[in-house]
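Here is the structure we will look at, set down as structure tokens.
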Amino acid sequence: MTEPAAPAAPGSSELWAALPGAAALVDRAGRALQGNAAFQALQTESPDWAWLSREARQALLTHWAQVPEAEARLELASASGDRWYQCHSRWDGALGAHLCLWTDITALKQAGLQALEQVAQFRLLAAHVPALIALYQAGTHRCLYANEAYAQAFGLTAQSILGRSFSEIIGEQAADLVRPVVEAVERSGKPGFYERQLQGPDGRKRWVEAHVIPHLDAAGVVQAAFVQLVDITRHREAEAAVRDSELRLQKFMQASAEGIVFHVDGLVSDANPALCALLGYELDELRGRSTLDFVALEEVGKVRQLMQAGAELRYESRLIHRNGEPIHVELIVRSLSSEGGQQRMAIVRDIRDRVAAQQRIQHLAHHDSLTQLLNRAAFMEHLGPQMERARQRGHQLALLFIDLDNFKRVNDSLGHLEGDKVLFTVAERIRNCLRSSDLVARFGGDEFVVLLNDVHQHDDVMVVLMALLSVVEVPVRADGRDLSVTPSIGVAMFPRDGESAEELIQHADTAMYLAKSRGRASYQFFEHQMASQAYADLVLEAELAEALTHDQFRLHYQPQVHARDGHLVGAEALLRWQHPQRGLLSPDAFIEVAERHRLMVPLGEWVMREAVRQSKLWHESGLAPVPIAVNLSSMQFRLDRFADTVREVLAEADVPGSWLELELTERMLVDDLEDTPRTLAALRALGLSISVDDFGTGYTALAHLTELPLDKLKIDQGFVAKLPQDSGAMAITRAIVRMAKDLGLSVSAEGVRNEQQRALLAEWGCDALQGDLVGSSMSAAQFEAWLRRAPRPLPPLPAG
């Protein structure tokens with residue numbers, strides 16, 4: 059392939075030898091026509107271009123043969139592959155050959171390969187990192203490279219973005235924003251930084267953080283700048299959410315009616331106005347102080363322990379106002395994390411009203427709402443422990459059961475509001491008679507119970523009893539008038555009269571009933587025989603209730619006759635009990651028990667119905683067309699609808715009211731002076747006659763007789779029995795008769811035993827008589843037989 063050297067090329071041989079690298083003239087066939095020493099060295103080493111790789115030889119031959127006019131710069135590998143040459147070939151027409159210059163670029167090529175490898179690694183890294191990366195040329199600000207993520211952020215691709223200026227890529231407005239940063243990087247050669255919002259192709263705005271990193275050449279001149287965009291939208295949104303949350307929290311704190319406090323390591327860092335107002339401090343006075351400074355002393359230990367535990371919890375405590383006032387609060391404690399670290403937040407809820415309400419509820423649960431004394435349940439809770447304490451110490455207790463006599467008439471006559479005033483006053487008087495160690499309770503209605511502690515002797519109890527009797531009956535002002543109420547008091551001693559609370563109260567109650575039966579304003583100590591009597595009363599009560607349902611009651615009748623002519627004018631119905639074991643019993647054997655246990659109401663109604671039934675039979679038969687008198691109980695007469703009940707009884711039997719006469723005691727008339735006239739007027743409107751039984755033994759003021767609608771006075775047999783021997787009895791009896799006549803009332807006498815008594819009574823003007831002289835009480839059948847034998851029970855008295 060190598061030809062003999064061609065003629066020397068024009069020019070100095072010295073110039074040819076001075077050319078850098080190997081130089082040669084090569085014809086189109088690839089024959090070297092001439093070469094300098096450097097070229098000759100290469101050829102000598104490996105003739106016929108063997109010093110080049112096969113691919114390099116082929117590339118040269120092709121170039122020389124086909125493109126003689128072209129100028130080319132070819133990079134050629136050596137045959138060994140460890141060296142690189144650059145061949146700069148240019149056709150010279152005058153010489154008719156290619157002028158070729160070979161330069162050894164092995165070192166430069168190796169550096170280039172290393173750079174290419176680094177570029178490849180950079181591209182691989184840039185394609186996969188979660189960031190947007192681009193390379194912009196300095197000065198022109200045109201994009202030299204961008205990863206796919208960067209290009210897509212601006213609606214481009216990694217190829218289409220190349221060569222564009224950053225103003226074309228990001229927009230003029232954004233470019234104006236970032237240009238100062240880019241220019242500063244180019245001037246200083248130092249990295250720059252900025253943040254901005256970026257609106258992507260989807261229209262969604264995101265926050266990006268941009269780092270501009272200069273690329274310097276060996277001389278330190280900025281050739282380009284890397285731009286790295288990191289999406290920080292999530293962080294900015296989180297920061298915005300935090301700011302928004304903090305703003306909402308701040309607004310909530312300011313607007314909340316409940317106190318809120320923040321503290322770090324127990325030191326107050328912030329508080330809202332509500333907490334400042336609750337404690338009486340300004341915010342600046344609270345900041346930096348220990349939260350325990352505002353906790354009540356007795357609560358500090360508990361609160362410190364809960365704070366140290368660091369738990370999220372809710373509990374109640376007490377704070378101290380600036381003025382020293384304790385404040386009941388509920389604390390709701392939570393832990394919060396912030397940029398400043400861990401802190402605690404407490405919602406401080408003022409629960410003074412709730413605590414007061416709870417205390418009020420607790421008080422109401424244990425105290426009577428009217429008198430504020432202990433109620434029954436609370437008293438029983440105290441009584442047991444007091445008894446146990448007394449038992450251990452060998453002390454005595456006294457339990458007093460107090461009942462107000464006839465208190466119902468106060469309520470019925472003046473109303474419950476006035477009655478409540480009386481009860482409140484009485485409760486205060488009882489309380490003031492006692493020591494602070496004693497207990498007093500209202501058991502209900504007009505019943506009070508007192509427990510005297512540490513009783514040493516009987517006289518200790520007597521002192522209290524006398525004080526209670528004296529102060530309770532002092533008149534009470536109610537409805538503009540002075541009212542007197544009296545107590546009946548039963549006393550049971552512990553441990554003598556009972557080992558349990560229930561037994562002690564029961565025995566005191568039993569003693570109280572005995573005291574009440576003996577009259578007003580009295581007291582009675584329990585005696586053990588009373589227990590058996592109380593048991594007997596309980597049995598009797600059950601038997602009475604059974605007697606009503608088993609038709610064991612009977613009515614007997616005592617005739618009433620005209621005092622002068624002796625003819626029958628009426629009959630008094632007298633109640634009897636046909637007891638299955640004890641035989642026929644008079645009211646003395648059971649009436650007290652019946653009245654105590656309210657059995658008199660149904661029993662009294664039965665008496666009225668039976669008397670009306672019997673009266674109808676005797677009227678229709680013509681045997682005894684006279685009214686039948688019935689005795690009323692106090693309990694029965696005071697019933698709100700008593701007159702209506704009588705009307706119903708008459709209507710059911712279909713008889714007129716004139717066939718029935720009702721007898722009341724003086725006490726029943728004066729116990730309720732407000733309602734009694736109305737009730738009597740309603741009864742008389744039904745046609746009934748109203749009699750005052752046992753007149754002269756009660757407390758009726760004479761003025762009342764003129765105010766009450768009455769028909770008859772019945773002289774008590776206690777006066778009649780003493781006639782005519784007792785001058786006092788004669789004077790009283792004669793005065794009663796005359797007074798009744800002057801008032802337009804008829805007069806009847808009970809217990810008339812002989813003609814001498816009859817004659818005196820008739821002489822004074824007495825209208826009717828009853829008693830053994832006329833006839834004793836009889837069953838209905840016996841009464842009818844008696845009438846048939848003696849149509850006129852007594853012979854007429856002589857005139858004059």
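By the numbering used here, the letter at position 233 of the sequence shown is numbered 291, and the numbering carries on one by one without gaps.
Ideal Cβ positions, reconstructed from N, Cα and C, are used throughout, including at glycine.
Practice task
State buried or exposed for residue 173, treating a residue as buried only when at least 16 other CB atoms are found within 10 Å of its CB.
Solution key: Only weak support is given to the placement of residue 173: the predicted model assigns it a pLDDT of 46, under 50, and the value that follows is read from those uncertain coordinates. With fewer than 16 other Cβ atoms within 10 Å, it is exposed.
Exercise for the section: Count the other CB atoms, across all protein chains shown, that sit within 10 Å of the CB of residue 615; report buried if there are 16 or more and exposed otherwise. Expected result: Here residue 615 is buried. Its C-beta has 16 or more other C-beta atoms within 10 Å.
Handout entry: residue 134 vs residue 145 beta-carbon contact at 9 Å
Key = Taking 9 Å as the Cβ cut-off, residue 134 and residue 145 qualify as a contacting pair.
Exercise for the section: Can you tell me which of 422, 161, 740, 750 puts its alpha carbon nearest to the alpha carbon of residue 722? Expected result: Nearest C-alpha to residue 722: 750.
Practice task
Please work out which residues of its chain come closer than 6 Å, Cβ to Cβ, to residue 771, disregarding the five sequence neighbours upstream and downstream, and give them in chain order.
Solution key: If we look at residue 771 and ignore the five residues flanking it on each side, its Cβ neighbours are 750, 753, 798, 803, 805.
Practice task
Please say whether residue 835 and residue 632 have beta carbons closer to each other than 9 Å?
Solution key: It is a contact, given that the beta carbons lie within the stated cut-off.
Practice task
Look at the alpha carbon of residue 794 and the alpha carbon of residue 852, and state the distance between them as a whole number of angstroms.
Solution key: Our two residues, residue 794 and residue 852, have alpha carbons roughly 24 Å apart in a direct line.
Problem - Beta-carbon proximity of residue 515 to residue 548, cut-off 9 Å - result: For residue 515 and residue 548, no; Cβs fall outside 9 Å.
Exercise for the section: Could you spell out the range, first to last residue, of the beta strand (DSSP E) harbouring residue 281? Expected result: First-last of the beta strand (DSSP E) with residue 281: 280 to 289.
Handout entry: Burial state of residue 191, where buried means 16 or more other Cβ atoms lie within 10 Å
Key = Classification for residue 191: buried.
Handout entry: Counted within 10 angstroms of its Cβ, other Cβ atoms place residue 459 as buried (16 or more) or exposed
Key = So residue 459 counts as buried.
Problem - Between the CA atoms of residue 151 and residue 106 - distance to the nearest angstrom - result: Taking the straight line from one Cα to the other gives about 24 Å.
Exercise for the section: May I ask which residues mark the beginning and end of the alpha helix (DSSP H) holding residue 360? Expected result: For residue 360, the enclosing alpha helix (DSSP H) covers residues 358 to 367.
Handout entry: Classification of residue 197 by the beta-carbon crowding that lies within 10 angstroms, buried from 16 upward
Key = Residue environment analysis places residue 197 among the exposed positions, since fewer than 16 neighbouring C-beta atoms fall within 10 angstroms of its C-beta.
Handout entry: Whole-angstrom C-beta distance between residue 348 and residue 325, which should lie under 8 Å
Key = Indeed, because the Cβ distance is near 6 Å, the residues count as touching under 8 Å.
Practice task
Starting from residue 107, trace the alpha helix (DSSP H) both ways and give me its first and last residue.
Solution key: Bounds of any alpha helix (DSSP H) do not take in residue 107, whose DSSP letter is neither H nor E.
Problem - When 646, 139, 526 are compared against residue 112, the one with the closest alpha-carbon - result: A check of alpha carbon separations from residue 112 across 646, 139, 526 identifies 139 as the nearest.
Handout entry: Given residue 211 as reference, the closest of 264, 841, 648 once Cα atoms are compared
Key = Selected option, being the one with the closest Cα: 264.
Handout entry: Contact between the stretch 651 to 664 and the stretch 601 to 619 (3+ Cβ pairs under 8 Å)
Key = They touch, by the three-pair rule.
Exercise for the section: Compare the C-beta of residue 752 against all C-beta atoms of chain B and say whether one is closer than 9 Å. Expected result: This model lacks chain B altogether; it includes just one protein chain.
Problem - Inter-stretch contact at 8 Å, needing at least 3 Cβ pairs: the stretch 336 to 344 / the stretch 361 to 368 - result: A contact is defined here as three or more CB-CB pairs under 8 Å, and the stretch 336 to 344 fails this definition with respect to the stretch 361 to 368.
Practice task
Go ahead and pull the three-state DSSP assignment for residue 732.
Solution key: Residue 732: coil per DSSP, three-state reduction.
Problem - Reference residue 781, options 725, 811, 477, 511, closest by Cα - result: Cα-wise, what sits closest to residue 781 is 811.
Exercise for the section: Assuming residue 432 contacts residue 424 (C-beta within less than 8 Å), just tell me the rounded distance between them. Expected result: Indeed they touch by this definition, with Cβ atoms about 6 Å apart.
Handout entry: Run of the alpha helix (DSSP H) containing residue 250, from where it starts to where it stops
Key = That residue, residue 250, is in no alpha helix (DSSP H); its beta strand (DSSP E) goes 250 to 257.
Exercise for the section: With DSSP as the reference, please indicate the residues paired to residue 637 in a beta bridge. Expected result: 641, per the DSSP bridge assignment.
Handout entry: Per-residue DSSP class, three states only, for residue 428
Key = Correct three-state label for residue 428: coil.
Problem - Residue of 79, 160, 121, 480 minimising C-alpha distance to residue 85 - result: Of the candidates 79, 160, 121, 480, the one whose C-alpha sits nearest the C-alpha of residue 85 is 121.
Exercise for the section: Name the two residues that bound the continuous beta strand (DSSP E) containing residue 514. Expected result: No beta strand (DSSP E) holds residue 514; DSSP gives it neither H nor E.
Handout entry: Terminal residues of the alpha helix (DSSP H) in which residue 820 lies
Key = Taken as a continuous stretch (DSSP letters only), the alpha helix (DSSP H) holding residue 820 covers 813 to 822.
Exercise for the section: Would you tell me roughly how many angstroms separate the C-alpha atoms of residue 790 and residue 800, rounded to the nearest one? Expected result: About 15 Å.
Problem - Sheet register partners of residue 321 (DSSP bridge) - result: Beta-bridge partners assigned by DSSP to residue 321: 326, 402.
Problem - Residue range of the beta strand (DSSP E) that includes residue 875 - result: No information on residue 875 is available, as it lies outside the stretch 59 to 858 that the chain covers here.
Exercise for the section: Go through its chain and collect everything with a Cβ distance to residue 456's Cβ below 7 Å, but skip five positions before and after it. Expected result: Spatial neighbours of residue 456 in its own chain (CB-CB distance under 7 Å, excluding positions within 5 residues in sequence) are listed in chain order as 510, 513, 519, 549, 551.
Practice task
Check each candidate in 505, 559, 560 and name the one with the smallest Cα separation from residue 545.
Solution key: Comparing Cα-Cα distances from residue 545 to each of 505, 559, 560, the minimum goes to 505.
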